[in-house]
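If you read the sequence shown in my numbering, its first letter stands for residue 978, the second for the next number, and so on. The C-beta atom is built at its ideal place from N, Cα and C for all residues, glycine as well. Note that the coordinates shown come from a computational prediction; the quantities given were computed from them, not determined experimentally. Everything below concerns the one structure shown next.
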Amino acid sequence: AVYNFGNWLGRLVLQWRIFALKNPNVVWAPAVSMIVWFALSLLSGLNYFHSDAATYIIALLFGICNGYSGTICMMLGPVKVHPKNR
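Below is the structure:
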């Protein structure tokens, strides 16, 4: 439930233009940052963190990053297509 809420929140923040990326050449940055959250989620699964709160925070941040990067790719993807092919 925490991951799903983060995913929804990551998609929701893009309705405010201040959070949206303007340059389609940097869309890779949020997607690559998910590697960090994935590694942290693996560590939390191995009980590296001794607190459940850390696991919930990691799941929330992973969900936010996933929702944000998925939505920003859908928003900026058509910009990268040649106008003749749209």
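C-alpha distance - residue i paired with residue j, whole-angstrom precision
i, j, result
"Ala1006", "Ser1028", "29 Å"
"Phe982", "Ser1046", "15 Å"
"Ala1030", "Asn1002", "35 Å"
"Asn984", "Leu1037", "8 Å"
"Val1004", "Cys1042", "12 Å"
"Ile995", "Thr1048", "15 Å"
"Tyr1033", "Ser1018", "10 Å"
"Ala1016", "Tyr980", "15 Å"
"Ile1012", "Val1058", "27 Å"
"Cys1050", "Ala978", "24 Å"
"Val1009", "Gly1040", "14 Å"
"Val990", "Asn1000", "17 Å"
With 16 other Cβ atoms within 10 Å as the buried cut-off, status of residue i
i, result
"Ile1035", "buried"
"Trp993", "exposed"
Supposed contact pair residue j and residue i - C-beta distance, whole angstroms, cut 8 Å
i, j, result
"Leu986", "Gly1044", "7 Å"
Near the ligand ADP: residue i beta-carbon under 7 Å from a heavy atom
i, result
"Val1058", "Looking at this structure, you won't find the ligand ADP or any other ligand, since it has none at all."
The region 1019-1032 touching the region 1047-1054, judged by at least three CB pairs closer than 8 Å: no
Quick one: which unbroken alpha helix (DSSP H) runs of 4-plus residues sit fully inside the region 1006-1033? Chain order, please. none
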